[in-house]
Amino acid sequence: MMLIAVTLFACLDSTAKLGGTVVPAIEVVWFRFTIHFVLVAILLNPWRAPTAWRTTAPKLQVARAAVQIACTGLNFLALSYLQIAQTLSIQFMGPIFVTLLSVLFLGEVVGRYRWSAIFISFIGVLIITRPGIGEFNPAFGFIILSVLIGASYSIITRRLAATESAGSMLLIMAALPAIILTPLMPFTWVWPADYADWLPLVGTGFFGAISHYFHIQAHRYAQASFLAPLQYFQFLAVLVLGFAIFGDVPTMWTLLGTLVLVGSGLFIWYRERKIAQAEKRERLSQIALGAA
Numbered sequence: 001m002m003l004i005a006v007t008l009f010a011c012l013d014s015t016a017k018l019g020g021t022v023v024p025a026i027e028v029v030w031f032r033f034t035i036h037f038v039l040v041a042i043l044l045n046p047w048r049a050p051t052a053w054r055t056t057a058p059k060l061q062v063a064r065a066a067v068q069i070a071c072t073g074l075n076f077l078a079l080s081y082l083q084i085a086q087t088l089s090i091q092f093m094g095p096i097f098v099t100l101l102s103v104l105f106l107g108e109v110v111g112r113y114r115w116s117a118i119f120i121s122f123i124g125v126l127i128i129t130r131p132g133i134g135e136f137n138p139a140f141g142f143i144i145l146s147v148l149i150g151a152s153y154s155i156i157t158r159r160l161a162a163t164e165s166a167g168s169m170l171l172i173m174a175a176l177p178a179i180i181l182t183p184l185m186p187f188t189w190v191w192p193a194d195y196a197d198w199l200p201l202v203g204t205g206f207f208g209a210i211s212h213y214f215h216i217q218a219h220r221y222a223q224a225s226f227l228a229p230l231q232y233f234q235f236l237a238v239l240v241l242g243f244a245i246f247g248d249v250p251t252m253w254t255l256l257g258t259l260v261l262v263g264s265g266l267f268i269w270y271r272e273r274k275i276a277q278a279e280k281r282e283r284l285s286q287i288a289l290g291a292a
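One point on numbering: in the UniProt record's numbering, the residue at position 142 of the sequence shown is 142, and numbering is uninterrupted.
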C-alpha cells in the first residue's frame, strides 16, 4: 500500500506539472483540492457517516488546511520551472525542518546523531541547488519554502492525530482549500484549450485523493518507522515518469545530492529503529524482573 501511495504521489506531481503548462498554478491547486474533496465526500458519505465530519479542534484543522494550500501552491509553482526530480529531491529536506520545529514547538530532544544527519542533508540540498555557481534557479526558493511550510503541516498533523479522526482530517484538508480558492477562480480562470488538457487537471484531484487513501491505509497496518524508507521509492517513480512524459534527464548534481539526502534520511531511520529496539528490550527486561 505504501509503494502504491508514493507511486501515486509521483503521478500527482506529473499531472500537476502538465496542468501547469495550460492553466495558472492557482487553478491547478483548485482542481487538486476540489476533485479530491468530491471523491472523499462520496466515499465518506456525510449523511451516512456524519461523524466523519466532526472535529474537536476546528482552529487547528483550519490552520492545517491553510498550510496545505500554501505548501501545494508553492510546490505546483516550482514544478512549472523545475524537473520533478529536482523538486522531489528538495522535498527530502522535510525531516530537517520537521526536526527543528519539533524541538521548538513540541519540546522534543534531538541528539548529536540526528543533528549530524540534518547537517549532511543540508549539504545535499546545496549540491542540488548550487547557489552562487550560476545555475541556481529562483524556483528552488519556492520548493524550499514549500518544504518549510510542509514541516509545520506535519507538526499540526501530529497534534491533531491524538484527538481527530482520519476521515475529518482528510475531508477538511480538501474542503477548506476548495472553499477558499473557489471565489478567486472567476478572476484567474483560464479555460483548457481542448479535452486532453482537462485530463491532468482532473488527475491532480484523483491522484491526490487516492494516494492519501493508500498512505493512511498503509499506516493502519504498519509502523511509521517501517514505512519511512519506502517513501524514497517515489524518487524512482519520478525519474521514470519525468523521462517518459517530459523527457527530463536528471543532472549529475541532482543525483549526487539526492544520494546524500536519502543517505542521511536512512541514517536517521536506522538510528530511530535501534533506539526503539533498545527501549523495547529494556521494558521487557523490567517486566521480567518485576514478574520474578
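Ideal Cβ positions, reconstructed from N, Cα and C, are used throughout, including at glycine.
Self-check item: Own chain residues within Cβ distance below 8 Å of Thr87, not counting five before or after
Solution: Asp13, Asn75, Ala78, Leu79, Ile143
Quiz item: So what's Ala244 in DSSP terms, helix, strand or just coil?
Solution: helix
Exercise. Determine, using beta carbons only, whether Ala174 and His36 come nearer to each other than 7 Å.
Key: yes
Practice problem: Just confirm the distance between the C-beta atoms of Ser211 and Phe33, as a whole number of angstroms; I'd bet it's less than 8 Å. | Solution: Not a contact, Cβ separation roughly 14 Å.
Practice problem: Give the secondary structure of Glu27 by DSSP, where H, G and I count as helix, E and B as strand, and everything else as coil. | Solution: helix
Self-check item: Where Ser165 falls: helix, strand or coil (DSSP)
Solution: coil
Quiz prompt | the region 115-128 / the region 65-75 touching (three or more Cβ pairs under 8 Å) | solution = no
Quiz item: If you run the structure through DSSP and keep just helix, strand and coil, what is Ser80?
Solution: coil
Quiz prompt | alpha helix (DSSP H) segment containing Ala5, residue limits | solution = 2-19
Quiz item: Are Tyr113 and Arg273 touching if we call contact CB-CB under 7 Å?
Solution: no
Quiz item: If you run the structure through DSSP and keep just helix, strand and coil, what is Met173?
Solution: helix
Quiz item: Is DSSP giving Asp197 helix, strand or coil here?
Solution: helix
Quiz item: Smallest Cα separation from Val23: which of Thr188, Ile149, Phe92, Met169?
Solution: Thr188
Self-check item: Simplified DSSP assignment, three categories, for Thr56
Solution: coil
Quiz item: Is DSSP giving Val67 helix, strand or coil here?
Solution: helix
Quiz item: Quick one: what does DSSP say Thr251 is sitting in, helix, strand or coil?
Solution: coil
Quiz item: Out of Val6, Cys11, Thr7, Leu3, which has the shortest C-alpha to C-alpha gap to Ile245?
Solution: Cys11
Quiz item: For Leu82, which residues from the same chain have a beta carbon less than 6 Å from its beta carbon, with the 5 sequence-adjacent residues on both sides left out?
Solution: Ala139
Quiz item: Within 10 angstroms of its Cβ, does Glu164 collect 16 or more other Cβ (buried), or is it exposed?
Solution: buried
Quiz prompt | CB contact flag (Ser152, Val67, <7 Å) | solution = yes
Exercise. Find the nearest neighbour of Ala65 within the set Leu171, Val38, Phe267, Ile84, judged by alpha-carbon distance.
Key: Leu171
Quiz item: Does DSSP put Phe187 in a helix, a strand or coil?
Solution: helix
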